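Number of protein chains: 2
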Amino acid sequence: MTLPALTRPDLSRYFPILQWSKTYDRETLTSDLVAAVIVTIMLIPQSLAYALLAGLPAEMGLYASILPLIAYAVFGTSRALAVGPVAVVSLMTAAAVGNLAVQGTAEYIAAAITLAFISGVILTVMGLFRLGFIANFLSHPVIAGFITASGVLIATSQFKHILGVDAHGHTLVDLAASLFENQHLTNPITLFIGLGTVAFLFWVRKGLKPLLLATGLKPRLADILAKAGPVGAVVITTLATWAFGLADKGVKIVGEVPMGLPPLTLPSFSADLWGSLFVSALLISIIGFVESVSVAQTLAAKKRQRIVPDQELIGLGTSNIAAAMSGGYPVTGGFARSVVNFDAGAETPAAGAFTAVGILLAALLLTPLLYFLPQATLAATIIVAVLSLVDFSILTRTWSYSKVDFTAVAATIFLTLTLGVEVGVSAGVILSVGLFLYKTSRPHVAEVGLVPGTQHFRNILRHEVITHPNVVTLRIDESLYFANARFLEDYLVDRVICDQPIRHVVLMCSAVNEIDMSALESLEAINHRLSDMDITLHLSEVKGPVMDRLKRSHFLDDLTGRVFLSQYDAMQALTPKHETG
Amino acid sequence: MTLPALTRPDLSRYFPILQWSKTYDRETLTSDLVAAVIVTIMLIPQSLAYALLAGLPAEMGLYASILPLIAYAVFGTSRALAVGPVAVVSLMTAAAVGNLAVQGTAEYIAAAITLAFISGVILTVMGLFRLGFIANFLSHPVIAGFITASGVLIATSQFKHILGVDAHGHTLVDLAASLFENQHLTNPITLFIGLGTVAFLFWVRKGLKPLLLATGLKPRLADILAKAGPVGAVVITTLATWAFGLADKGVKIVGEVPMGLPPLTLPSFSADLWGSLFVSALLISIIGFVESVSVAQTLAAKKRQRIVPDQELIGLGTSNIAAAMSGGYPVTGGFARSVVNFDAGAETPAAGAFTAVGILLAALLLTPLLYFLPQATLAATIIVAVLSLVDFSILTRTWSYSKVDFTAVAATIFLTLTLGVEVGVSAGVILSVGLFLYKTSRPHVAEVGLVPGTQHFRNILRHEVITHPNVVTLRIDESLYFANARFLEDYLVDRVICDQPIRHVVLMCSAVNEIDMSALESLEAINHRLSDMDITLHLSEVKGPVMDRLKRSHFLDDLTGRVFLSQYDAMQALTPKHETG
C-alpha cells in the first residue's frame, strides 16, 4: 500500500513529464502545436547555420534539433525552454574540436559527437549530485562579457562566408588577419547575397511587423510572418542561386544534405579523446547550463512557475546524450527561440516534442531543396542573430559601480577575443573568485562610536559619535578565516601599539559570520599579545552560530575580557556612566 | 641634497643589513659568534642528512648551507632565522626531481639546482610585487596536517637506511610495499647502528640535559652539549665503522665527499625543464615561505621586533638563487635550528653569516673524516628530527571545532600520504578555498526581532524578541556577491510567498560587507518581484562603503521602500508605536 505513495513523488521529481501530462487537454495541445510550428520555422535555418558555425555538416544541426528536444520534454522542468544548437555553444564546440582534428574529417565529426556525450554525462551527474550551485560561481558580469565577446567572435568568423573567402582562427586577431590576407579573393556575387540578406533581415526585424500591421493583419499573424524572415531569405536566395546558376560563378552553396532519419551514432570511448575534451566539455556544460537556466527562470517567473535547477541539469544532460546518440552535437536552451516559443503560447514541454517532429519532417523531406542554399545566407542569419547578443554597456555599468567587477569583465572580454572562448571564460571565473578572495583577505575594519541619543554604533570617520579614550571598538567587516587571520593580527597590534591610554579593545562581531580554526588561533594570539600590554580583549554582538562554535574551544576560558550581547552593553560596562551619557 | 634622503630609506628597505649593521658592536659580535658555533655544530650532520633525503650527494647539503646564509644575512629581516636545507623542502625536492630524472645521475643534480633557481626567482618576484599575502591562503590546519603527513613520509623513507635495503616511492603505500618486499635483505649490523643511534638521540634529547645539570654543569653549556648529540652519534658510529671495517660487512657509508669550496654552478635554462618544474617550485616556494615566516614571526614577537613578510620573500628568494649558484638545492628557514640560534643568543643576521663560515671550514677541512660515516646514522638523525613535527592532534582539534577545517586537514593528510606531497598540499589549499566559497554561497539568514528593553535585534529562534506580523526582518550573515546572489533571491521569495500578512520586508545589512554587481542585479529583481506582490522592500544598517556604491547605481531610485540608519529606526517607522512598545 505504502510503496506507490513513497515512490511516486520521487519518480515525478526525476520525470517532470509525469506532472504536467496528467492535466494535458485539447486546449493545451492547440497552444503547444501553434508554438511548435512557429519555432520549427525559426529553427530550420538556425540549425543549419549553427552547424556550419561549429564546422560541422549542415544536417548535424537538424539532427541536434530532434531527439534532444524529446529528451528535454521528458526530463526538463521549464514549460517554455526550446533546446537545440545555439551560437555560443557552437562556437565553443568549434574551438574545442578544432584543436584535435581538421574540419570536414570523420575525426572532427566523431569528436563533436563525443563532446556532446561527455557534456551530457557531466550535466547529468551534476544534476544527480545536486551540484547546480557550481554555476553560481560565474558572476553575471562575467557571463555578460563572455556572451558579448563571443558574439563579436561569431560575427567576425561569419564574414568569410559573406566575402566568399577562406579564413581560419579562433581569436579576433587570427580571424581578422586571415580575412585581410584573403580579401582580394572576395566573390562579388557572394558579397551581394550576404550583405543583401543582412540588410533584409534587419529590415524584417525592425520594419516588417509595423508594415504588416498597417495593412490590417492580425498582430499574431504579423508576428509569425516577421519571425519567418530568415526562411524567406533562405527561399529567395536559394531560388536565385538555382535560377541564375550562381554556384558556377563561385557562390559557395550548402550542397547535398542527406535525406532521412537521424543516424544512430555512438561516442568514442578513447581515454585519450576524453582526456583532451574533458575541460572543454565542462566549460560548455556550465556555460550552456547558465545560459539555459537564466532564460528558463525569466520565463517561468512571468507565469509564477518554478524551475528546478538540479533537474534542469538532468534535462540538459539527457538532451546532450540524445544528441550524441543521433548524429548531433552539444545543445542547450536557446534564448531567442525560447522567447518565441513562450510568446507563441507554448504551455508545456510537449511543444518541444512537436517541434522535434517538425524538424524530423524537414530532415525527411526538405533537405534536397537546400542544395542551392548559399552559405552566405546562413552566415547572414547568424550575424543578425548574434549581434543582438553584443552589448558592451556592461563595461561602463561595472566601471561606475565596482572596479572589481569591471576588472573581471574587461579581462573576460579581452581574453575571449584575443585567446579564445575557453581561456576567456576560465579567466573570468578564476579572476572573479580570486578578486573576491583577495578582498576578503584584507577586510574593511571600522573604528566605531555611539551615535548620540541611540544605542547604535557607527564608523567614527563617517558619523558624529561618542568614544572613550580608554576603549577602542573595532568593527570587523568580514568573516574571520584563514586568508585574513594574519591581517587582523597585524592590524590590531599596529592600532594598539601607537595609542597609549587604551585599556580595553572590543571587537564588534556583528559582521563576522564565521571564525575558522586559523582565525581562532589568531584571536588566541591577539588575546595573548594584548594581555602582555595590559590591555583587555572583549567581543560584542557575536552571532549565535559563531558563539556555538567558540564555546567548543578553549578561547572563551582564556579570553581576558568578556563577551557582550550588544555593543551598547559593552560600552555601558567598560566606561563610567557620566562620560557616555 | 634631497637625492640621498629620498633613496636611502628605500635602499634599507631592500637591504635590511643597512639598518642593523649601523649599530653593530663588540657585544653583539660575541653573541652572534657563540650562536653561530652552536648552530654550525647542529647544522653539519643535518645538512648531510637532508641532502641524502633529497636524493642528492651529501656535500650538496653543506654547499646549501654556505652562500644562502650570506644572502639571507644581507636581505632578510628576521634577526634569528637560520636558513638552510630543511626536511619538508628536501622531501618535496625529491618528489619534484624524482619525476624527471634518476637519483645519482647528473640530470638529477642539475634539476635540483634548477629547482632552487626557479624557486628563488618566484620568491624574489613575489617579494618585489608584494605578493606575500598569497601565503595566507594556506590555512593553519592545512599546514599542520601537511607537516605531520610529511613527517610520517620522511620517517618511513628513512627506514630503508636503517634496514640497509633498497626502497623507493614517494607515497606511504609505495614505500611500505617496497620496504616489505626487501626486508629479508636487512643488514643486521646496519640495523643495529640505526636503531642504536635512534635510541641514543632520543636519550640525548630527553635524558642528557638533566644529567649534565645534575653533574653541576652550567645550563647554557648543558644545552649546547645536548644539541651536539647528533655530532656525537656521527663521531662514534664513524669511528666504529672505520675501526671494525663494517663497510666490508655491508654497512652503507657516505663515502668520498669532495673537499673544497662550493663549486660555481648554473641552473639549466631549458624551457622544457622549467615547464616541468614550475608548479613544484611554486609549491616549494610557498610551503618554504610559510614555514619560515611563521618561525620568524614567533621569534620576532618574543623580542617585540617586526619582520616584513614581503622582504622575507626577497631574503629567501636570493638565498635560493645563491644555492643554485653554488651547488646547493632549495633552502628555507628551519624551525629547530632557528630556535637554537635564538636561544643561543643570536642578535642579528650576522650570526647566519658566521655559521656559513663555519660550514665552509667544514667543507674545506672535515669532509675526508666523513668517509666512513654510516648512512644509517644520518637516517636516524632525520627520523628523530621529523618525529617532533608529527602531531595528529590537529585532527581531533579541528573535528571538535569545525567540520570544514577537519575535512581540509583530513584530506591533506590522507592525500599527502597516499598520493604524495604535491597532490596533498594542493588539495588542501583548493579544498580550503572551495569549502569557504561553498559556505559563503549558502549564507546563514536569520529572522530577527527586537530584544525587549533594548534597541538590539537578534534571531527569533534563539532569543525572546518582539516582532510584528506585517514586517519581516531578515539579517543576512554574509556579503552579497555572485556566488550567493541567486540563493538570496530564492530564499526571500520562498519566505514571503507562504506568509500572507507581510507588507514590509527589511533586509538588515549589518553583516553585508560588499554588494557586487551580480548581487545588485538580484536585489533589483527581488525589489521588482516583491513590488508585484505589493510588498515594500527596505534596507537597514547599510555600511558606509556599501552605501557609497549603491548611490552610484539606480537601485536606490527604484527601491520601493527606504534605507534606515538602524534597524530600530526601521521598526519604529514601519510598526505602530503601541505595538512594539
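Keeping their order, the protein sequence lines are chains A and B. All residue numbers for the first sequence refer to the working numbering, where the first residue is 29 and numbers rise by one. All residue numbers for the second sequence refer to the working numbering, where the first residue is 29 and numbers rise by one. Ideal Cβ positions, reconstructed from N, Cα and C, are used throughout, including at glycine. Keep in mind that this is a model prediction, so the values were computed, not measured.
Strand pairing of A/Met536, partner residues [DSSP]: BP columns for A/Met536 point to A/Arg503 and A/Ser568.
Uninterrupted alpha helix (DSSP H) stretches inside the segment 181-248 of chain A (no shorter than 4 residues): Complete alpha helix (DSSP H) runs here, min 4: 200-210, 216-231 and 237-242.
Where A/Val336 sits in the DSSP three-state scheme: Looking at A/Val336 - three-state DSSP - the assignment turns out to be coil, as it is neither helix nor strand.
Straight-line gap, A/Thr293 to B/Asn487 (C-alpha atoms, nearest Å): Distance between the alpha carbons of A/Thr293 and B/Asn487: 58 Å.
Buried versus exposed, by CB contacts within 10 Å (16 or more), A/Val279: By the 10 Å Cβ count, A/Val279 comes out buried.
Beta strand (DSSP E) runs wholly inside the segment 272-317 of chain A, at least 3 long, in chain order: Taking only runs of at least 3 residues, no beta strand (DSSP E) segment lies wholly in the segment 272-317 of chain A.
Distance, A/Phe228 Cα to A/Gly386 Cα: CA-CA distance, A/Gly386 to A/Phe228, rounds to 26 Å.
Contact with chain B by A/Asn164, beta-carbon distance below 8 Å: Yes, A/Asn164 counts as interfacial toward chain B.
Sub-8 Å separation of A/Ala598 and A/His556 beta-carbons: No, the Cβ-Cβ distance between A/Ala598 and A/His556 is not below 8 Å.
Neighbouring residues, chain A, relative to B/Val461 (Cβ below 7 Å): Listed by position along chain A, the residues whose Cβ is nearer than 7 Å to that of B/Val461 are Leu465.
Beta-carbon proximity check, A/Pro113 vs A/Tyr78, cutoff 8 Å: A/Tyr78 is positioned such that its CB atom lies closer than 8 Å to that of A/Pro113.
N- and C-terminal bounds of the beta strand (DSSP E) containing B/Phe165: First-last for B/Phe165: undefined, no H or E at that position.
is_contact[A/Ser167, chain B] using C-beta, thresh 8 Å: A/Ser167 belongs to the set of residues whose beta carbon lies under 8 Å from a beta carbon in chain B.
Anticipated Cβ contact below 8 Å, B/His472 with B/Asp505, distance rounded: Indeed they touch by this definition, with Cβ atoms about 4 Å apart.
Burial state of B/His582 (16 or more Cβ within 10 Å): So B/His582 counts as exposed.
Helix, strand or coil at B/Glu475 [DSSP, three-state]: If DSSP states are grouped into helix, strand and coil, B/Glu475 belongs with the strands.
Contacts of B/Pro573 in chain A (Cβ-Cβ under 7 Å): Chain A residues near B/Pro573: His472.
Interface residues of the segment 139-162 of chain A facing chain B [CB-CB below 7 Å]: Going along the segment 139-162 of chain A in chain order, one finds Phe161 with a Cβ nearer than 7 Å to chain B.
Presumed contact (8 Å Cβ cut-off) between A/Leu71 and A/Ser93, rounded CB distance: About 6 Å separates the two Cβ atoms, so the contact holds.
Neighbourhood of B/Leu28 by C-beta distance below 7 Å, restricted to the same chain and skipping five residues each side: With chain B covering only 29 through 609, there is no way to say anything about residue 28 of chain B.
Proximity to B/Leu143 [Cα-Cα], best of B/Ala329, B/Asn541, B/Gln333 and B/Phe306: With distances taken between Cα atoms, B/Leu143 lies closest to B/Phe306.
Identity of the residue in A/Phe442, A/Ser298 and A/Lys330 nearest A/Glu135 by Cα: Comparing Cα positions, the closest option is A/Ser298.
Chain B contact for A/Thr588 (CB, 8 Å cutoff): Not one beta carbon of chain B lies nearer than 8 Å to the beta carbon of A/Thr588.
Three CB pairs or more closer than 8 Å across the segment 385-401 of chain B and the segment 173-181 of chain B: Output reads no: the segment 173-181 of chain B does not touch the segment 385-401 of chain B.
Exposure label - A/Ser594; buried when at least 16 CB within 10 Å: By the C-beta density criterion, A/Ser594 is buried, having at least 16 other C-beta atoms within 10 angstroms.
Segments of 4+ residues assigned as alpha helix (DSSP H) that fall wholly inside the segment 62-120 of chain B: For secondary structure counted as the alpha helix (DSSP H) over 4 or more consecutive residues, the segment 62-120 of chain B holds these complete runs in sequence order: 86-91 and 95-103.
Closer than 9 Å at the beta carbon, the chain A residues around B/Asp585: Close partners of B/Asp585 in chain A (Cβ separation under 9 Å) are lacking, with about 14 Å as the shortest Cβ gap.
Among A/Ser320, A/Ala268, A/Pro96 and A/Ala378, the one whose alpha carbon lies nearest that of A/Lys50: Selected option, being the one with the closest Cα: A/Ala378.
DSSP three-state assignment for A/Leu128, whether helix, strand or coil: Per DSSP, reduced to three states, the secondary structure at A/Leu128 is coil, with no helix or strand assignment.
Contact between the segment 146-166 of chain A and the segment 424-432 of chain A (3+ Cβ pairs under 8 Å): No, they do not touch.
C-alpha distance - B/Leu587 paired with B/Ala547, whole-angstrom precision: Straight across, the Cα-Cα distance linking B/Leu587 with B/Ala547 is about 15 Å.
Residue-chain proximity (B/Gln483, chain A), Cβ-Cβ < 8 Å: Chain A, which has a Cβ nearer than 8 Å to the Cβ of B/Gln483, makes this yes.
Opening and closing residue of the alpha helix (DSSP H) in which A/Phe510 lies: Under the DSSP assignment, A/Phe510 falls in the alpha helix (DSSP H) whose first and last residues are Phe510 to Ile525.
Where the segment 508-523 of chain A meets chain B: residues whose CB sits under 8 Å from a CB there: If you check each beta-carbon in the segment 508-523 of chain A against every beta-carbon of chain B, the ones closer than 8 Å belong to Tyr509, Phe510, Ala511, Asn512, Ala513, Arg514 and Phe515.
Nearest candidate by alpha-carbon position, reference B/Gly235, set B/Lys246, B/Ile221, B/Asp251 and B/Gly222: Checked all of B/Lys246, B/Ile221, B/Asp251 and B/Gly222; the closest Cα to B/Gly235 is B/Asp251.
Distance, A/His484 Cα to A/Tyr618 Cα: Beyond the ends of chain A as shown, which are 29 and 609, falls residue 618 of chain A; an answer cannot be given.
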